[in-house]
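Here's the structure we're looking at; comments come further down.
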Amino acid sequence: MLTAENTQEWMNKFYLKIEQNKDYLSELDTPIGDGDHGNNMMRGVEGVKQGLAQLQDPDLKTVLKTIAMGLISKVGGASGPLYGTAFLEMAKKSSDTQDINQLIDVALAGIKKRGGATEGDKTMIDVWSPVAQNDTITQQVIDDAIASTKDMLARKGRASYLGERSIGHLDPGAVSSGYLFTALLETEGTL
Amino acid sequence: MLTAENTQEWMNKFYLKIEQNKDYLSELDTPIGDGDHGNNMMRGVEGVKQGLAQLQDPDLKTVLKTIAMGLISKVGGASGPLYGTAFLEMAKKSSDTQDINQLIDVALAGIKKRGGATEGDKTMIDVWSPVAQNDTITQQVIDDAIASTKDMLARKGRASYLGERSIGHLDPGAVSSGYLFTALLETEGTL
Amino acid sequence: MKKLGIILVSHVPEVAQGLPKLLIQAGPDISLTDAGGTNDNDIGTSMEKILAAIEENEASELLAFYDIGSSKMNLELAIDMSDKNVHLYDTAFIEGAYTAAALIQADASLSEIEEQLAPLKIK
Amino acid sequence: MKKLGIILVSHVPEVAQGLPKLLIQAGPDISLTDAGGTNDNDIGTSMEKILAAIEENEASELLAFYDIGSSKMNLELAIDMSDKNVHLYDTAFIEGAYTAAALIQADASLSEIEEQLAPLKIK
Ligand SMILES: Nc1ncnc2c1ncn2[C@@H]1O[C@H](COP(=O)(O)OP(=O)(O)O)[C@@H](O)[C@H]1O
Ligand SMILES: Nc1ncnc2c1ncn2[C@@H]1O[C@H](COP(=O)(O)OP(=O)(O)O)[C@@H](O)[C@H]1O
Ligand SMILES: [Mg+2]
Ligand SMILES: [Mg+2]
Ligand SMILES: [Mg+2]
Ligand SMILES: [Mg+2]
């Protein structure tokens, strides 16, 4: 169950993973994109950190909205409005429920609507969707989902310009989404 | 019959007509284009004048080529490469013949090739083509040709972006081509 | 000033700022606003810049054009946050925007414009 | 440096100069040259500038992209005057050039690239 407190802890852990893997994310974005995903996400989690630091005893909805706005205004690439929409949808839904599975469901729906992509298009959706479908999120589910993007042909995002040549590479947004969910797994009380 | 001398005189007369009608040509280019045809042509004939002034006792081919290069490098709009190609083709053909009708024929073919337009597309071709078809060029032929562009729907050039809305306006390049042929009519010995 | 305005969104600040110079020739009476690059003026797009371009535009009904895919998502977010009526087109960026400018200037209706934009849809 | 280069022709100097900043992200190893505006840097195109962009390009086989119709004619004149092998595409300008950059960087063949460019043809 998400609370204002554990969600902030979740974001701290996500921040550290992005910081540690920034270069790897940009490397993944090089052959099938523009090589900036690591820098984009780093700016994004920096924005989230700054936004959250300014809140005084916030409720969950405010925390989720602040995360969304930090990502939307700092990332600068496609992943900004996508992750941002995911957290905006969670914020809206958080009035009804704090259940993580239900919140991930609405987040996934938001990502799909925002980017017009679906499962199998070689995007972050290919991690969000298996995570949403499994009642219990495990590292195995996350890792398998990330790995599944390797053989996919990209139909959305910059990698889609490469057509067949996009096959054989992991999707960078799938990998960063994997860090988000691993950070969630590592945050006590969220699941 | 074109000669080095009367071709230069022709260009002097063309210069004066463009100078006098610069604003009118730009006005014609305003509702169905970008409003620069008069300025473009003025820069073009200025370039031609400067180029010709530098020649010492040139032959016809050199005169025609110099006209072409002046137009190509100074006009800056679609009419530059089109008029330029017309005079380049005349220059090439002038080794075989100095007959104005034959030279206009190759010029017209060059304009068609360069711009991919044909009769009825509401371009300068709709003046060049009737002039080429008539054995004797008269002011009546020229004026009727210009007027015929009014009711045409543009299929090439900037006016084509307007679709149906291009109907009801004279084509600016047709009007400037009219000046070119009127100047020719007024140049003794060319016909 | 025409009833319909245009907003231009590019990943590159120079492209967004330069394009109005072409469009203004065909549409001198159109309100044209642009958003280019990230908040730091790097290559990318910024929802805030796009929202500002929507709000600054003097027209209340806008036609929006963008360069590559990711600009679209920030555009949609900005559209969601604005009260203005913004129509988003998946056409060739420059060519679509030029066509719209020429037609708005000639007082074409939105449906006439959309008809001419249809063959330019490539995204 | 890749075997295939790209040349970009726009009516607007800022657009021609800005676009390589987007393409270089997808194709850092591609020789990109551009020609924007008239000889006086007004809105329009210049055959001389285009010819210079062709000659300056480090690749011997080039893919050329342009914004609106009249640039094409100056491009063709310049191509006629150069010894280089230049392929001219009637695609959406920015989107076509971006696609080509991504594919050249990935070592796609010219025919593969042309296959991906085909649906972007709008002129
Ligand atoms: N339309 C889309 N739907 C879902 N995810 C997308 C879409 N477009 C891109 N992405 C995700 O965004 C990632 C790229 O993000 P990033 O590099 O930050 O943005 P950009 O491509 O603008 O440089 C991709 O790896 C992919 O996972
Ligand atoms: N493809 C073409 N074929 C023949 N003539 C053309 C073509 N495109 C444009 N024109 C002619 O050029 C004229 C416009 O010239 P100008 O205003 O100098 O160029 P631009 O349209 O680039 O501003 C048109 O009125 C038309 O006669
Ligand atoms: Mg990227
Ligand atoms: Mg990017
Ligand atoms: Mg013009
Ligand atoms: Mg012009």
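Chains as they are written, first to last, in full-length UniProt numbering: chain Z, 1 to 191; chain H, 1 to 191; chain F, 1 to 123; chain X, 1 to 123. A virtual CB, placed ideally from N, CA and C, is assigned to each residue, including glycine. Owing to the predicted nature of the structure, the values given are computational and were not obtained by experimental measurement.
- Contact check for X:D67 and F:I94: beta-carbon distance about 5 Å, within the 8 Å limit, so the pair qualifies.
- In this structure, X:P119 has its CB at a distance of at least 8 Å from all heavy atoms of ligand 2.
- The three-state reading of DSSP puts F:V12 in coil, since its state is none of H, G, I, E or B.
- For a Cβ distance threshold of 7 Å, residue set Q116 of chain X lies close to Z:G163, ordered along the chain.
- The beta carbon of H:A183 is closer than 7 Å to those of W10, K13, F14 and K17 in its chain, skipping five residues each way along the sequence.
- Judged by DSSP secondary structure, Z:Y15 falls outside any beta strand (DSSP E) and instead within the alpha helix (DSSP H) spanning A4 to I32.
- Only N39, D40, D42, I43, G44, T45, S46, M47 and E48 from the stretch 39 to 51 of chain F bring a Cβ to less than 9 Å from some Cβ of chain Z.
- Contact between the stretch 164 to 174 of chain H and the stretch 138 to 155 of chain H is present: three or more C-beta pairs spanning the two stretches fall below 8 Å.
- For X:Y89, the enclosing beta strand (DSSP E) covers residues N85 to Y89.
- In this chain, the alpha helix (DSSP H) harbouring Z:L184 covers P172 to L185.
- By the C-beta density criterion, F:K121 is exposed, having fewer than 16 other C-beta atoms within 10 angstroms.
- The C-beta distance from Z:H37 to Z:G77 rounds to 7 Å, short enough to fall under 8 Å.
- By the neighbour-count criterion, in which 16 or more other beta carbons inside 10 Å mark a residue as buried, Z:T136 falls on the exposed side.
- Look at X:Y98: its C-beta is under 9 Å from a C-beta on chain F.
- Beta-bridge pairing by DSSP links F:A64 to F:I7 and F:L88.
- Look at H:A117: its beta carbon is at least 8 Å from all of the heavy atoms in ligand 5.
- Interface residue (Cβ-Cβ distance to chain H less than 9 Å): F:P20 is not classified as such.
- Secondary-structure assignment with DSSP links F:L32 through a beta bridge to F:I6.
- One Cα belongs to H:L28, the other to H:R158, and the distance between them is close to 13 Å.
- Listed along the chain, the chain F residues whose CB falls inside 9 Å of the CB of Z:L2 amount to none; the nearest CB is some 23 Å away.
- Judged by DSSP in its simplified three-state form, H:K156 adopts coil rather than helix or strand.
- Membership of F:E55 in the alpha helix (DSSP H) is indicated by the continuous run M47 to E56.
- Relative to ligand 2, X:D40 has its C-beta separated by 8 Å or more from all heavy atoms.
- Around Z:V45, the same chain offers F14, Y15 and I18 as residues with beta carbons nearer than 7 Å, after the five sequence neighbours per side are excluded.
- Sorting Z:L108, Z:T62, Z:S94 and Z:Q102 by C-alpha distance to the C-alpha of Z:Y83 places Z:L108 at the top.
- H:V48 has its Cβ no nearer than 8 Å to any heavy atom of ligand 2.
- Environment of ligand 5, chain-ordered: H:D29, H:G33, H:D34, H:D36, H:H37 and H:G77, taking every residue with Cβ within less than 5 Å of a heavy atom.
- Interface criterion not met: the Cβ of Z:P130 is under 9 Å from no Cβ in chain F.
- When secondary structure is reduced to three states using DSSP, X:K123 falls in the coil class, being assigned neither helix nor strand.
- Close partners of F:L103 in chain H (Cβ separation under 9 Å): Y161, L162, G163 and R165.
- Chain X has no Cβ within less than 9 Å of the Cβ of Z:G157.
- Residue-level contact by beta carbon fails for F:M1 and chain Z, as no gap is shorter than 9 Å.
- Judged by beta-carbon spacing, H:S79 lies within the 9 Å limit of H:G173, meaning their Cβ atoms are closer than that value.
- Of all residues in the stretch 62 to 95 of chain X, only D67, I68, T91, A92, F93, I94 and E95 come within less than 9 Å of chain F when Cβ atoms are compared, listed by chain position.
- CA-to-CA, the gap between X:A97 and X:L4 works out to about 12 Å.
- About 26 Å separates the beta carbons of F:A102 and F:A52, which is beyond the 8 Å limit, so they are not a contact pair.
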